[in-house]
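Novice: Going by this note's numbering, the letters in the sequence shown line up with residues 502 to 1074, in that order. Cβ coordinates follow ideal geometry from the N, Cα and C atoms, glycine included. Predicted, not measured: the structure shown is a model, and the values here were computed from it. Pasting a structure here, questions to come.
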Amino acid sequence: MVLGIICGCNCLDSCIGQPQSINEEQSTSLLDSLKKTHSLSKQTYDLCTSTLAAGKDLVEHGESIQRSLIGAATDLNAESFSVIADLIDGDTVKKARGLAESVKDKSGECISLSVEMVSALEQSVKALPDVIERYVESKANEAVEGEVTAEERDLADVDSDVKDLSDCIDAIENLRLVTAIEAGNNAFRSITDKGQQCHKIYEIIQKFAYSLTTITEAFLNMDISGVVSKMKDILRAIGLTSMIKRFAEGCKKMMDKVVHLFEAVAGKLSLLWNSLVAAKDKMIESLTNVVGARSLCDEANEKMDSLKDLFRSLGGKFWDAREVKVSPETYKLLRSLDGDSSFDDAMSTTRGIDDSVEAAIQQMKYAAQRVQDEYDALPDMITDGIKIGDDLADAGDEEIKCTARGSAEGLQKDIQDMEASAMTIEEANILESTKVMHKELKAMDDKVEKCKEMLTVCTDFTERSKSAIDSFLGQWSLETAVTQIQKMCKLVSLSEVMEEIARQIQQLLRAMGKLLSAMSARLKAVIERVKSVMDIGEVVDSATDFVQDEISNAVDSAGDFMGKVFRRGKDDD
502 MVLGIICGCN
512 CLDSCIGQPQ
522 SINEEQSTSL
532 LDSLKKTHSL
542 SKQTYDLCTS
552 TLAAGKDLVE
562 HGESIQRSLI
572 GAATDLNAES
582 FSVIADLIDG
592 DTVKKARGLA
602 ESVKDKSGEC
612 ISLSVEMVSA
622 LEQSVKALPD
632 VIERYVESKA
642 NEAVEGEVTA
652 EERDLADVDS
662 DVKDLSDCID
672 AIENLRLVTA
682 IEAGNNAFRS
692 ITDKGQQCHK
702 IYEIIQKFAY
712 SLTTITEAFL
722 NMDISGVVSK
732 MKDILRAIGL
742 TSMIKRFAEG
752 CKKMMDKVVH
762 LFEAVAGKLS
772 LLWNSLVAAK
782 DKMIESLTNV
792 VGARSLCDEA
802 NEKMDSLKDL
812 FRSLGGKFWD
822 AREVKVSPET
832 YKLLRSLDGD
842 SSFDDAMSTT
852 RGIDDSVEAA
862 IQQMKYAAQR
872 VQDEYDALPD
882 MITDGIKIGD
892 DLADAGDEEI
902 KCTARGSAEG
912 LQKDIQDMEA
922 SAMTIEEANI
932 LESTKVMHKE
942 LKAMDDKVEK
952 CKEMLTVCTD
962 FTERSKSAID
972 SFLGQWSLET
982 AVTQIQKMCK
992 LVSLSEVMEE
1002 IARQIQQLLR
1012 AMGKLLSAMS
1022 ARLKAVIERV
1032 KSVMDIGEVV
1042 DSATDFVQDE
1052 ISNAVDSAGD
1062 FMGKVFRRGK
1072 DDD
């Protein structure tokens, strides 16, 4: 009778044209298939419900990230790196990535149950006698004519959608810095679009499962009125089995790709933005070093001014001494120079400048090393195709480098001259030593000025380094992303040139120090010798020849620059 109802009449035999019956085995098989179909349809419905909820959350996460990436593309700066990194690698997306795995598992299970459910329904039909089976299938096909819309048929055709997702995955796998925003945006847009498409398919399967649950329940309860009221649904369900199977199989392919894409884009973008965050942090740390180097250069420059004053004062005393004759005044001058700290102060100041320059060099090297280490740690997706090194120098950099290196070449001659002068002062006779000291003290002011000029160049390099860091920490865009990474590396080359120039300054300072040391030692030796043969109480206005001879002998033997002074005074007498 039930089969008659299915056919829409009270007499199945008359509809088919010959008597039909179902044996006990077929009846048992039909009942088992219906029970299985009923159980599977209930499970499928419940699983579709949870899968739909999880899929909706996944799509919403994708939309949220997509909106942020769109915002980043129009207003990107180093400060936003952390925001984007937190978004992509923070708790929200970590939860979403776990959700993606859950969706994948639920989706796979849901699709498997759907296919199994449809197979169980097909098995129920196959349990009927062949002629009845063919008749039911014919009626079922008639029942679904016009039931499946064009949109639903398009949903079942997922090949192009799967290809789109595969293309997005390839783009993410080959992600580069300049394509990060666009590729990431496209990926999450695809996740949203295809996720919504899967959502529609799950709703169709869920609706089918619900209908099948009520149909099989009516059969199993032998609820004739229920069966009659769902007659159209029964035939429609049977007619839709092949389409539902296509939906399920297509949705599985697409959802697998969606989850794969979500994992790929989250992983790649996480690596990208976290790397940029680390680079930004290192640049901020390096900024502290660069500012420190600048401060040390300023400190050294101030000490240079003090050194100039000391040399001028020292030179003044020296020239005054040349005009003194052999007399009590000469002795008084010697005694005034005894214990004079001018040379020691000049040497101490020179060492202080050297220390400040060395500290500035080290600060720039620390900054450069941090940047170099961070660049080396950047993933290939950021550094591929980016040129670094001397190619980054702009016209201003090159002009400063050429000027500085030209000045450095001139310094080498000054250094050699001072080293030779120090040796002469230590080894030559009094007259020759004195001439050398006259010349060097007179030229010392110019040498300090050269140091100051070179130091100004070093200061300029610290400013250029600071500008490179400020630029990196400033506004970004897709068009300037590569340039920003290059500016990060520019700090390394600037540091190297600065060190090269600063080392030249140090060589000049150390040559000055050696020369000052030679002058100071010669002066102290003469003063000690003169003090050993003269006593202030024995010097009177009518100095004896004996005293004069002893002074001359002391000067000649000690080799002080004052020898020339004494000789000149004696000759004038």
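Go through its chain and collect everything with a Cβ distance to K753's Cβ below 6 Å, but skip five positions before and after it.
Specialist: If we look at K753 and ignore the five residues flanking it on each side, its Cβ neighbours are I612.
Novice: Please list, in chain order, all residues of the same chain as K866 whose beta carbon is under 8 Å from its beta carbon, the five residues on each side excluded.
Specialist: The answer, listed in chain order, is S996, E1000.
Novice: To the nearest angstrom, how far is the alpha carbon of S1018 from that of T789?
Specialist: Between S1018 and T789, the C-alpha separation is close to 37 Å.
Novice: What residue from A1003, E704, I926 has the CA that sits closest to K557's CA?
Specialist: Closest by alpha carbon: E704.
Novice: So, does the segment 533 to 552 touch the segment 668 to 679, judging by three or more C-beta pairs under 8 Å?
Specialist: Cβ pair count under 8 Å is below three, so no.
Novice: According to the Cβ coordinates, are D662 and Q697 closer than 8 Å?
Specialist: Their beta carbons are not under 8 Å apart, which means D662 does not touch Q697 by this criterion.
Novice: By Cβ distance below 7 Å, which residues in the same chain neighbour D1050 in space, the five residues on each side in sequence not counted?
Specialist: Note that D1050 scores 48 on pLDDT, short of 50, meaning its location in the model is unreliable and no value can be drawn from it.
Novice: Output yes or no for whether 8 Å exceeds the beta carbon distance between G563 and I692.
Specialist: Result yes, Cβ atoms of G563 and I692 sit closer than 8 Å.
Novice: Is it the case that the Cβ atoms of A847 and L808 are separated by a distance below 8 Å?
Specialist: A contact, by the Cβ cut-off of 8 Å.
Novice: Enumerate in chain order the residues of its own chain whose CB-to-CB distance from A982 is below 7 Å, with the five nearest sequence positions on each side excluded.
Specialist: Same-chain partners within the cutoff: L678, V679.
Novice: I think V872 touches S787, with their Cβ atoms under 8 Å apart; what is that distance to the nearest whole Å?
Specialist: The Cβ separation is near 6 Å, so the contact holds.
Novice: So the candidates are A1026, T963, I682; which of them puts its Cα closest to the Cα of W977?
Specialist: Comparing Cα-Cα distances from W977 to each of A1026, T963, I682, the minimum goes to I682.
Novice: Between which residues of its own chain and V766 is the CB-CB distance below 7 Å, once the five residues before and five after are set aside?
Specialist: For V766, where only same-chain residues beyond five positions count, the Cβ hits under 7 Å are I673, G685, A688, F689.
Novice: Under a three-way DSSP split, which group does R677 fall into?
Specialist: Of the three classes helix, strand and coil, the one that applies to R677 here is coil, per DSSP.
Novice: Which value, in whole angstroms, describes the spacing of the CA atoms of T884 and L553?
Specialist: In a straight line, the C-alpha of T884 is about 41 Å away from that of L553.
Novice: Around the C-beta of T850, are 16 or more other C-beta atoms found within 10 angstroms, so that it is buried, or is it exposed?
Specialist: Answer is buried; the Cβ neighbour count reaches 16.
Novice: Return yes when the Cβ of G793 is within less than 8 Å of the Cβ of Q864, no when it is not.
Specialist: Their beta carbons are under 8 Å apart, which means Q864 touches G793 by this criterion.
Novice: Could you work out which residue in T960, G609, E617 is closest to D799 when comparing CA atoms only?
Specialist: Among T960, G609, E617, the Cα nearest to that of D799 is on T960.
Novice: On the CB-based measure, 16 or more other CB atoms within 10 Å of its CB, does G1014 come out buried or exposed?
Specialist: Under this definition G1014 is a buried residue.
Novice: Note down, in chain order, each residue of its chain lying with its Cβ closer than 6 Å to the Cβ of N802, except the 5 sequence neighbours on either side.
Specialist: Here the set comprises L956.
Novice: Could you give the DSSP three-state label for D658: helix, strand or coil?
Specialist: Looking at D658 - three-state DSSP - the assignment turns out to be coil, as it is neither helix nor strand.
Novice: Please name the residue, chosen from V760, K607, V619, that lies closest to S667 on a Cα-to-Cα basis.
Specialist: Per the Cα distances, V760.
Novice: For K967, which residues in the same chain have their Cβ closer than 8 Å to its Cβ, ignoring the five residues on either side in sequence?
Specialist: The answer, listed in chain order, is L788, V791, V792, R795.
Novice: Would you tell me roughly how many angstroms separate the C-alpha atoms of E617 and S530, rounded to the nearest one?
Specialist: Straight-line Cα distance between these residues: approximately 16 Å.
Novice: Hey, how far is the Cα of V949 from the Cα of Q1007?
Specialist: For V949 and Q1007, the distance between alpha carbons rounds to 12 Å.
Novice: Closest to M744 by CA distance: which of L713, I706, E718, A719 is it?
Specialist: Of the candidates L713, I706, E718, A719, the one whose C-alpha sits nearest the C-alpha of M744 is I706.
Novice: D855: which of C990, P880, K804, K1025 sits nearest, CA to CA?
Specialist: If we check each option's Cα against that of D855, K804 comes out closest.
Novice: Could you give the distance in angstroms between the alpha-carbon of D757 and the alpha-carbon of F709?
Specialist: D757 and F709: Cα-Cα distance of roughly 22 Å.
Novice: By the 10 Å Cβ neighbour count, where 16 or more other Cβ atoms means buried, how is E875 classified, buried or exposed?
Specialist: Buried, by the Cβ-count rule.
Novice: From T935, Q624, E718, G751, pick the residue whose C-alpha is nearest to that of D655; which is it?
Specialist: With distances taken between Cα atoms, D655 lies closest to G751.
Novice: DSSP state of N722, grouped into three classes?
Specialist: Coil at N722, not helix or strand.
Novice: Please determine, among S540, S972, L942, the residue with the shortest C-alpha to C-alpha distance to I926.
Specialist: Checked all of S540, S972, L942; the closest Cα to I926 is L942.
Novice: Considering only their Cβ atoms, is the gap separating T714 from Y461 smaller than 8 Å?
Specialist: Residue 461 lies beyond the stretch modelled for the chain, which goes from 502 to 1074, so this question has no answer here.
Novice: Indicate whether S565 and A749 have their beta-carbon atoms separated by less than 8 Å.
Specialist: It is not a contact, given that the beta carbons lie outside the stated cut-off.
Novice: Where does G816 land, buried or exposed, given buried means 16+ other C-beta within 10 angstroms?
Specialist: Looking at its Cβ environment, which holds 16 or more other Cβ atoms inside 10 Å, G816 is buried.
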